[in-house]
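Below is one structure; the comments refer to it alone.
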Amino acid sequence: MNVSLTTEMNEWVTGKVKSGQYKSSSEVIRDGLRLLQNKEDQRQAMLEELRHELLIGVKQLDADKSQKFDSILVAQIKNVGRQKLGMRSTISVFCSQRHQT
Numbered sequence: 849m850n851v852s853l854t855t856e857m858n859e860w861v862t863g864k865v866k867s868g869q870y871k872s873s874s875e876v877i878r879d880g881l882r883l884l885q886n887k888e889d890q891r892q893a894m895l896e897e898l899r900h901e902l903l904i905g906v907k908q909l910d911a912d913k914s915q916k917f918d919s920i921l922v923a924q925i926k927n928v929g930r931q932k933l934g935m936r937s938t939i940s941v942f943c944s945q946r947h948q949t
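Numbers 849 to 949, taken from the numbering used here, label the letters of the sequence shown in order.
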């Protein structure tokens, strides 16, 4: 199999080999393909989980086990989301501060 790379990609791969991070350009490409395969596997697993959760939701709707959204519930959902985003932001700042020291 032959693979054509752009000039930039070829230079990047060559740089990885010259730095000693990889023994050959083939090793760089294999590592990249493994990462791509892992990413696609994770995406597929997430899609399967989403389909499963969607099926549960449809069954709950069919069994009339749903909850109507009112302004109070929407506000609660927004607050939980904002708290989670705030936690991630705080963790990100903490980690970047630790990395700098």
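Every residue, glycine too, gets a C-beta built ideally from N, C-alpha and C.
Residue state for Gln890 is assigned as helix, using DSSP reduced to three classes. Excluding its 5 nearest sequence neighbours in each direction, Lys871 has no C-beta neighbour in its own chain below 6 Å. Between Val876 and Val861 a beta carbon distance of about 5 Å is seen, short of the 8 Å cut, so the two are scored as contacting. Across the structure, Ser914 and Val922 are spaced so that their CA atoms are roughly 15 Å apart.
The beta carbons of Ser874 and Val865 sit no closer together than 7 Å.
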